[in-house]
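*Asks:* Let me begin by handing over the structure; questions about it come next.
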Amino acid sequence: MIFGVAALASFAAASPTLAAGPQINATITGLALRGYDPVAYFTDGKPVLGDFSITAQYEGATYRFASEEHKALFVKEPTKYLPQFGGFCAYGAAAGYKVDGDPNLWKIVDNKLYLNIAPPVAARWNQDVTGYIKTANEKWSAIKDKAPSDLQ
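Below, the structure is given as structure tokens:
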């Protein structure tokens, strides 16, 4: 299945409103990663929903954690655990768009967490992970401060 830039544009229109600002993919209430624990990807090797009562704020977004230990790790070194491209889809960032990143479609590369939006997108991204990361990093500085709707 071919999944291209035009399809990403339709996802961009459906991206959530950004309470935390345009650099972080968060809900209108400021919840990032759809409530998943960012530390769990590294410590548990899988996505784990955080507890609504164990939270920390970072750059205007609220992150949930499965345990107080995970919260402490995050508070000590948040950038170690944050998803790249603000939690937006890594493939989308490489295409110059900001689309929702699905916490269940993830990959850790060089100790950095990347998300993608849909299985076909993740499959395409996996064909050239290094290349897409390089391209997304090059484009991110130009799009990071823009709202997803401004990139359509």
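Using numbering that gives the first Met the number 0, you'd call the opening residue of the sequence shown number 0 and step up by one each time. Where a beta carbon is used, it is the ideal one built from N, C-alpha and C, also for glycine. The model shown is predicted, which means the values in this text are computed figures rather than measured ones.
Between which two residues does the alpha helix (DSSP H) holding Leu72 run?
*Replies:* Looking at the DSSP string, the run of the alpha helix (DSSP H) that includes Leu72 is Glu67 to Lys75.
*Asks:* Give a yes or no on contact between the segment 52-65 and the segment 103-116, applying the rule of three or more CB pairs nearer than 8 Å.
*Replies:* Cβ pair count under 8 Å is below three, so no.
*Asks:* Asp144 to Asn125, Cα distance in whole Å?
*Replies:* When rounded, the distance between both Cα atoms is 26 Å.
*Asks:* Quick check on DSSP: helix, strand or coil for Thr61?
*Replies:* Residue state, collapsed to three classes: strand.
*Asks:* Leaving out five residues before and five after Phe84 in sequence, what residues of the same chain have Cβ atoms less than 7 Å from its Cβ?
*Replies:* Closer than 7 Å at Cβ, skipping near neighbours: Ala92, Ala135 and Trp139.
*Asks:* Spatial neighbours of Phe73 within its chain, please: CB distance less than 6 Å, with the 5 preceding and 5 following residues excluded, ordered by chain position.
*Replies:* Answer for Phe73: Val38, Ala55 and Tyr80, listed in chain order.
*Asks:* Tyr90 lies in the alpha helix (DSSP H); which residues open and close that run?
*Replies:* Segment Ala89 to Ala93, the alpha helix (DSSP H) holding Tyr90.
*Asks:* In whole angstroms, what is the alpha-carbon distance linking Ala11 and Gln22?
*Replies:* Annotation note: pLDDT 45 at Ala11 (below 50); position unreliable, coordinate value reported separately. Between Ala11 and Gln22, the C-alpha separation is close to 14 Å.
*Asks:* Report the partner residues of Thr54 according to the DSSP bridge assignment.
*Replies:* Thr54 is bridged to Arg63.
*Asks:* If distances are taken between C-alpha atoms only, which option among Thr129, Arg123 and Leu104 comes closest to Ile116?
*Replies:* Comparing Cα positions, the closest option is Leu104.
*Asks:* For Ala25 versus Ala60, is the C-beta distance shorter than 9 Å?
*Replies:* Yes, the Cβ-Cβ distance between Ala25 and Ala60 is below 9 Å.
*Asks:* At what residues does the beta strand (DSSP E) containing Lys106 begin and finish?
*Replies:* Per DSSP, Lys106 belongs to the beta strand (DSSP E) from Asp101 to Val108.
*Asks:* State the Cα-Cα distance for the pair Ser148 and Ala121, rounded to the nearest angstrom.
*Replies:* Rounded to the nearest angstrom, the two C-alpha atoms are 22 Å apart.
*Asks:* Is Asp127 buried or exposed, if buried means 16 or more other CB atoms sit within 10 Å of its CB?
*Replies:* Per the 10 Å Cβ criterion, exposed.
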